[in-house]
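Under the numbering used here, the residues of the sequence shown are numbered 11 to 121, in order.
Ideal placement from N, C-alpha and C gives every residue a C-beta, glycine not left out.
Here's the structure, in structure tokens; my notes come after.
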Amino acid sequence: MVPLLRPGNTVLIDTMQRRIEDADWTNEYGRPLYFVETRDGYRCGWFQKDKARLIMQPQALSRCMPEAWRTPEETEVVGQVVGVATYLNEPWSCYREATPEERSDWKNKAQ
Numbered sequence: 011m012v013p014l015l016r017p018g019n020t021v022l023i024d025t026m027q028r029r030i031e032d033a034d035w036t037n038e039y040g041r042p043l044y045f046v047e048t049r050d051g052y053r054c055g056w057f058q059k060d061k062a063r064l065i066m067q068p069q070a071l072s073r074c075m076p077e078a079w080r081t082p083e084e085t086e087v088v089g090q091v092v093g094v095a096t097y098l099n100e101p102w103s104c105y106r107e108a109t110p111e112e113r114s115d116w117k118n119k120a121q
């Protein structure tokens with residue numbers, strides 16, 4: 011779901027909302043995200059239900075292909091994503107010099 015939902019984000023899941031909504035949404039921010047368990051692991055993204063198939067629709071900029079599974083044999087909806095905690099910058103782009111181990115004066119207060 012990059013760039014809407016980046017790797018390393020923490021998601022809050024409402025496990026009471028397990029039914030895929032096919033409601034009208036007007037933009038990608040209004041479309042509900044779901045957390046789904048598959049035989050291969052987990053997926054988080056936009057989903058649609060087509061009879062006995064659950065289809066994951068990736069975000070257009072992610073360059074991922076849609077995926078589909080038979081339900082309930084191959085997948086289960088864990089719940090709807092209702093919150094996201096994210097980094098403001100990618101955690102891997104932080105300066106190493108800013109860590110206490112790299113700076114000998116890290117305990118010193120600013121004067």
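Supposed contact pair residue j and residue i - C-beta distance, whole angstroms, cut 8 Å
{"i": "E47", "j": "T85", "result": "7 Å"}
{"i": "Q69", "j": "V12", "result": "7 Å"}
{"i": "L15", "j": "C54", "result": "6 Å"}
{"i": "M66", "j": "P76", "result": "6 Å"}
From the options, residue whose alpha carbon lies closest to that of residue i
{"i": "A78", "options": "G18, R29 and K61", "result": "K61"}
{"i": "N19", "options": "F45, T25, R29 and A33", "result": "F45"}
{"i": "D24", "options": "G93, T81 and Q69", "result": "G93"}
{"i": "D32", "options": "G51, Y97 and Q90", "result": "Q90"}
Close beta carbons around residue i, own chain, < 6 Å, minus the five adjacent residues each side
{"i": "R41", "result": "W35 and W56"}
{"i": "S72", "result": "V12"}
{"i": "C74", "result": "P68"}
Neighbourhood of residue i by C-beta, 8 Å cutoff - its chain only, sequence neighbours within 5 removed
{"i": "P17", "result": "none"}
Own chain, CB closer than 7 Å to residue i, minus 5 neighbours either side, in chain order
{"i": "R80", "result": "A62 and R63"}
{"i": "Y97", "result": "G18"}
{"i": "R49", "result": "E84"}
{"i": "Q121", "result": "Confidence at Q121 is low in this model, with a pLDDT of 48, below 50, so the placement of that residue should be treated as unreliable; the coordinate-derived value is given next. So no residue of the chain qualifies."}
{"i": "A95", "result": "N19 and T20"}
Is it true that the region 24-34 meets the region 80-96, where meeting means three or more beta-carbon pairs spaced less than 8 Å apart? yes
If we require 3 or more residues per run, which beta strand (DSSP E) segments fall completely within the region 70-103? Listed in chain order, the beta strand (DSSP E) runs fully inside the region 70-103 are 77-80 and 85-95, counting runs of at least 3 residues.
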